[in-house]
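Q:
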Amino acid sequence: MQERYDPQDVEREAQDYWERRGSFRVVEDPARPKFYCLSMFPYPSGKLHMGHVRNYTIGDVLTRHYRMRGMNVLQPMGWDAFGLPAENAAMANKVPPAKWTYDNIAYMKKQLRSLGFALDWERELATCRPEYYKWNQWLFARLFRKGLAYRKSGVVNWDPVDQTVLANEQVIDGRGWRTGAPVEKREIPMYFLRITAYAEELLAALDGLPGWPEQVKLMQKNWIGRSEGVRIGFEYEIEGDRRVLWVFTTRADTLMGATFCAVAAEHPIAAFASRSNQELAKFVEECKQGAVMEADLAQLEKKGMATGLTCTHPLSGEKIPVWVANYVLMGYGEGAVMAVPAHDERDYAFALEYGLPIKPVIRHSLGDTVPEPWQPQYADYGTCINSGKYDGLPYEKAVDAIAADLSGNKLGEKQVQWRLRDWGISRQRYWGCPIPIVHCPACGDVPVNDDDLPVALPEDLVPDGTGNPLNKMPAFLDTRCPSCGQPAKRETDTMDTFVDSSWYFARFACPDNDRAMVDQRARYWMPVDQYIGGIEHAILHLLYSRFFMRAMRDEGLLEVDEPFTNLLTQGMVLAETYYRDTPTGRREWVNPSEVEVGRDAKGKIVSAKRASDGAEVSFAGIRTMSKSKNNGVDPQALIEKYGADTARFFVIFASPPTNTLEWSDEGVEGSHRFLKRLWAFGAKFDAAAPAPGEAAADRAARLEVHSVLRQANYDLAKHQFNTVASAAMKILNALERLRGRTPAAQEGLSILLRLLSPITPHVCHHLWCALGFGEDVMQAAWPEPDPAALVQDEIEYVVQVNGKLRGTVWVPASSTEERTAALAITAVEKFIAGKPVRKRIVVPGRLVNIVV
RNA sequence: GCGAAGGUGGCGGAAUUGGUAGACGCACUGGAUUUAGGUUCCAGCGCGGAAACGCUUGUGGGUUCGAGUCCCACCCUUCGCACCA
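The opening residue of the first sequence carries number 63 in our numbering; numbering runs sequentially from there.
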């Protein structure tokens, strides 16, 4: 065996071996348990980033581990290839998005291969290929015919200068990113998927997902947002016409405290009142300024204006004013609320600001009144007061009584309300899956016939920032109505890329099928047993995928409800950020790889400067890797310098998968050092002659190795891979202490290589063969601890006096609790000093606490 | 603003789930090897203290023989908020 560890050689050799053998090809095999291990597919942005390396390494560790446990493991890879960045790159470089995308895919695929992931590349797919998106269109058309897809108007960000729709990301501080013009809201027709039809099921089924993090399930639950309440009608009159303003509330018990109603700026009442009120019209217009992001809307200063209209309180008959308020959202409930200032924080603030009456109607924990300032207790549930016949009723009884009275005069009923909204999938963009609809003057919106799918996206256009180039392309636009055959226009909107990613995991089972969206093979592989991806997808992508599974199930395509049995959400990758103030006052961000830090004798950082010119730089904290802060670390440079195994080991070792991972050059060095040590140990082992060993040392080493292995297997099961990497280091430390090629060393090294092989497969592959353990470590059985090696004659007990650590004592494993306690007392005699022992607590195998 | 998660040495993290806080590694210090730098190897390393010992898991309180872990209040950080993927 060669003395020096040369990762490039070792990795090329291992990858060639796997390639020759087709080691990662997987076929359906009913004889073995299947395991579908999937990492979220990447957007082909140009090159891999650290988040990808982390994500795919985690997936690969699982894949290789389960393979060694004898399972039939599928780990595929593909490309989430449609999207906005390709259009931006196209504009910048005057290259069609398709070419940019395909080039990126080719490069990133090479990078993925160099990392040695056990991926079945035969199943590769890209969502921008017609053979993939055809099935988006096919399913959309079916859902459209069924009414699960439909057209209505939706609100978008509008750039008035470029005359184009902007994504939220393209809105910066309320202005268009290219033009700097203040963004406006605009209503346009678009297509929606009726995800709300599945709201009840999507919510209820969360309870049946024990393999998902509680945190994610809770976020989904809150997002779906089921609330039970009462829909209440407030009658009003317009030009002698009696109409009803409907609101939804979960606090119908506070109805007698409603002193006004508030509607969203987009509400029809606001539009009506604006016609005769210029000032109000101006205010409504003002509310339409700005972007559609809810986070921004929620932080706006609460503003409102009276419409001049009044409505009738459905129970008291009182006239109460109707206001327009910017904190009422048109997209939720009825777009109108009844305001109960005494018991709702936002209504309270609003009433104080505009001098509206505040009428307490609930006895809360602080009393019967609601003096300033607002206290959270005002929103407590309590019994009704100042509410006439409802006085004294607790929450539920009050709601029941009020709902019953309202339904008597048809002005209210109990209702279940969802926060979840239907999914708007139309994008006014070129680089996406065309929505397969034809607009016919006679027949209206008609879905394209199955035989005419796919509606192919031309791949040679270059967008120029002024909207969708498909609109200027008669060859695409002009067609005939699928229903009547008359000339008609094609829809030019494309689908949200979340549609592409909502079912790709099922397509990996059968990417070559040109007759069906999915087939029998998908029934074999689905559901995904382990899904791995960023926590940032905890809501939207996962919810949309869960919805798609059900929509596909109801089309008879699959038999599963839930796409992902187990979910692992990995944390973000962070790095230090440094900047330098330039003479112009702008901050220049300096990549951490160019920064040298000075430390004091205790290792604290005391200075930082740029290596190239010695300029002092300032530290700006540890942040997620991003272009804007120039703190990204290129995995490619890392792989070239240290090899894929070092990169893989570092991302596993540095942090548990669900935590954030902090980049550190020194940490990478440390990981590399470990692999060099492993190699050196292997080389020495190879050169040594077999030795008989020494009983006591061998026994101690076996105890150590097998205890560490037992813990490592426990950690693997809970996906805590960083301590599995630690375990490998501990085993190597133990083996290095042994000296000589003894049977215990032989066994320990065999365990070490198998345990480590999912993390650093190349070096383990090489050592496994070179040291004669076998041909292919991937084919070896997963190591299990030997119970005999774990047996101990004596156990060390910790002895506490009054809960304070005072000593330790070795106790025979067969000792009774009584005897153990007695031994413990003799060990800490001087701390007891004759005081009477009041209590002795013995934790078997662990500690004794003596209370005096 | 709403929803979710998290705060442990100089740093990343560990702690068999209520039982020795700081495993493993990084950084740092000393030593050996080397002409030197790097590499490699050996030793030390939570804080205070000469030591005995005391203190220590964001802050303050509580439960317990025993709390990083459970309960209450507060402070701080990160993620998501429907057109980034």
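Glycine included, C-beta positions come from ideal geometry on N, C-alpha and C.
Whole angstroms are fine: how far does the CA of A709 sit from the CA of V770?
A: In a straight line, the C-alpha of V770 is about 24 Å away from that of A709.
Q: Given Y62, which residues of its chain have a CB within under 6 Å of its CB, disregarding the five upstream and five downstream residues?
A: With the chain covering only 63 through 914, there is no way to say anything about residue 62.
Q: What residue ranges within the region 321-352 form continuous beta strand (DSSP E) runs of no fewer than 3 residues, ordered along the chain?
A: Counting whole runs of 3 or more residues, the region 321-352 contains the beta strand (DSSP E) stretches 322-325.
Q: Within this structure, are the beta carbons of V123 and R129 separated by less than 7 Å?
A: Not closer than 7 Å, so no.
Q: Under 8 Å Cβ to Cβ from N155, same chain only, skipping five residues before and after it: list those, please.
A: Hits under 8 Å: W162.
Q: Cβ atoms of A413 and P403: under 7 Å apart, would you say?
A: It is a contact, given that the beta carbons lie within the stated cut-off.
Q: List in chain order: all unbroken beta strand (DSSP E) runs of 3+ residues lying wholly within the region 824-912.
A: Listed in chain order, they are 856-863, 866-874, 901-905.
Q: Looking at C-alpha atoms only, which residue of T631, L636, M634, F609 is the closest neighbour of D623?
A: Considering only alpha carbons, the answer is F609.
Q: Please report the residue range of the beta strand (DSSP E) in which G216 lies.
A: That run of the beta strand (DSSP E) goes 211-221.
Q: Buried or exposed: I464, going by 16 or more other Cβ atoms within 10 Å of its Cβ?
A: Buried, because 16 or more other Cβ atoms sit within 10 Å of the Cβ of I464.
Q: Could you pull out every residue in the same chain whose Cβ sits closer than 7 Å to the Cβ of I601, ignoring the five residues on either side in sequence?
A: Contacts found: M281, Q282, W285.
Q: Please classify I903: is it buried, with 16 or more other beta-carbons within 10 angstroms of its beta-carbon, or exposed?
A: Exposed, since its Cβ has fewer than 16 Cβ neighbours within 10 Å.
Q: Is W308 helix, strand or coil when you go by DSSP?
A: Here W308 sits in strand by DSSP.
Q: Tell me whether Y169 sits in a helix, a strand or coil according to DSSP, three-state version.
A: Looking at Y169 - three-state DSSP - the assignment turns out to be helix.
Q: Among the candidates N471, R293, K476, whose CA atom is the shortest distance from the CA of A398?
A: For A398, the nearest C-alpha among the options comes from R293.
Q: Which same chain residues end up closer than 7 Å to E246 when comparing Cβ atoms and leaving out the 5 residues on each side of it in sequence?
A: For E246, where only same-chain residues beyond five positions count, the Cβ hits under 7 Å are W220, P222, K350, Q351.
Q: Could you give the distance in angstroms between the alpha-carbon of H375 and the alpha-carbon of G216?
A: Near 31 Å, if we compare the C-alpha coordinates of G216 and H375.
Q: For A716, verify whether its CB is less than 6 Å away from any heavy atom of the ligand FMN.
A: As far as ligands go, the structure on display features none, and thus does not contain the ligand FMN.
Q: Between which residues of its own chain and H426 is the CB-CB distance below 7 Å, once the five residues before and five after are set aside?
A: Same-chain partners within the cutoff: Q439, Y440, D442, G444.
Q: A160 by DSSP, collapsed to three states: which one?
A: Helix at A160.
Q: Whole angstroms is fine: what's the gap from E262's alpha carbon to W480's?
A: Between E262 and W480, the C-alpha separation is close to 9 Å.
Q: Which runs of the beta strand (DSSP E) fall wholly inside the region 631-689 and span at least 3 residues, in chain order?
A: For the region 631-689, whole beta strand (DSSP E) runs of length 3 or above, ordered along the chain, are 635-643, 649-652, 657-661, 667-672, 680-686.
Q: Sorted by chain position, which residues of the same chain lie with C-beta nearer than 7 Å to G236's C-beta, five sequence neighbours on each side aside?
A: Around G236: P244, V245, G352, A353.
Q: Buried or exposed for T882, going by 16 or more other Cβ atoms inside 10 Å?
A: Classification of T882: buried, given that the 10 Å Cβ count is 16 or more.
Q: By DSSP's criteria, S101 is part of a beta bridge. Which residues make up the other side?
A: Partner(s): I594.
Q: Taking 7 Å as the limit between beta carbons, can you name the residues of its chain near G287, skipping five residues before and five after?
A: Taken in chain order, the residues that qualify are W480, R481, L482.
Q: Quick check on the burial criterion: 16 or more other C-beta atoms within 10 angstroms. Buried or exposed for V863?
A: Under this definition V863 is a buried residue.
Q: Here's the rule I'm using: 16 or more other beta-carbon atoms within 10 Å means buried, otherwise exposed. How should E678 be labelled?
A: Exposed, by the Cβ-count rule.
Q: Would you say S975 and T312 are within 7 Å of each other, going by their C-beta atoms?
A: Nothing about residue 975 can be read from this structure; the chain reaches only from 63 to 914.
Q: Should W493 and E149 be called a contact, given that it needs their Cβ atoms to be closer than 7 Å?
A: For W493 and E149, yes; Cβs fall inside 7 Å.
Q: Can you give me the Cβ contacts of R185 inside the same chain, cut-off strictly under 7 Å, excluding the 5 residues immediately before and after it?
A: Taken in chain order, the residues that qualify are P138, F570, P573.
Q: Under a Cβ-count criterion, where at least 16 other Cβ atoms within 10 Å of its own Cβ denotes burial, should N533 be classed as buried or exposed?
A: Flag for N533 reads exposed.
Q: Nearest CA to the CA of E297: which residue from Y195, E73, K381?
A: Ranking the options by Cα distance to E297, first place goes to K381.
Q: Using a Cβ-Cβ cut-off of 6 Å (strictly less than) and excluding sequence neighbours within five positions of P95, which residues of its own chain qualify?
A: Correct list, in chain order: M133.
Q: As a quick exercise: from D662, I667, S680, pick the residue whose alpha carbon is nearest that of W651.
A: Selected option, being the one with the closest Cα: S680.
Q: Using a Cβ-Cβ cut-off of 8 Å (strictly less than) and excluding sequence neighbours within five positions of T372, which residues of its own chain qualify?
A: Answer for T372: Y298, K381, I382, P383, V384, listed in chain order.
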